[in-house]
Amino acid sequence: MNLSAIHHIAIIVSDYPRSKDFYVNKLGFSVIRENYRPDKGDWKLDLRINDDTELEIFGVANPPARVTRPEAAGLRHLAFRVENIEKTAAELKALGIPVEPIRMDAYSGRKFTFFADPDGLPLELHE
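For reference, each letter of the sequence shown is one residue, going 3 to 129 in the numbering used here.
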């Protein structure tokens, strides 16, 4: 078996226009394709993270709320690698996106911090 890369990560959002604005206009991911799926009554937005990985956004009416942050079973958080964490955190703050203080991972020795998407999904910056 050769599981060589992550193709995509899928998340469900409660407010499709707000989340599309966040991921496209604030975080800067480019749109690969966007489709309304009438049979499911939702929007599916595919975004490019890099040459290998996509982020799928599903705009679903009234999804159940996340149980806890971040300790519910399932996805704990989504982490993005950045070259300069201070610069990226400052850019997020300039867009009005709150960012936690930058910390140092005791095991890897790398800097990291968290922020959240419009539904409260924990997102990490990792240097």
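Glycine included, C-beta positions come from ideal geometry on N, C-alpha and C.
In terms of Cα proximity to histidine 79, the closest of Ile87, Pro120, Pro19, Glu126 is Glu126.
From the listed residues Pro124, Ile11, Met3, the smallest Cα separation to alanine 74 is found for Pro124. In this structure, isoleucine 11 sits near leucine 57, with a CB-CB distance shorter than 8 Å. DSSP links asparagine 37 through a beta bridge to Lys46. By the Cβ-count criterion, serine 21 is buried, with 16 or more other Cβ atoms from all chains shown falling within 10 Å of its own Cβ. Beta-bridge analysis with DSSP links valine 15 to Gly61. Sixteen is the threshold: since fewer than 16 other Cβ atoms of the shown chains lie within 10 Å of the Cβ of isoleucine 8, the residue is exposed.
The Cβ atoms of phenylalanine 31 and isoleucine 13 do not sit closer than 8 Å to each other. By the 16-neighbour rule on beta-carbons within 10 angstroms, tyrosine 25 is buried. Glycine 122 places its beta carbon 8 Å or farther from that of arginine 83. Counting of Cβ neighbours within 10 angstroms places isoleucine 34 among the exposed residues, the total staying below 16.
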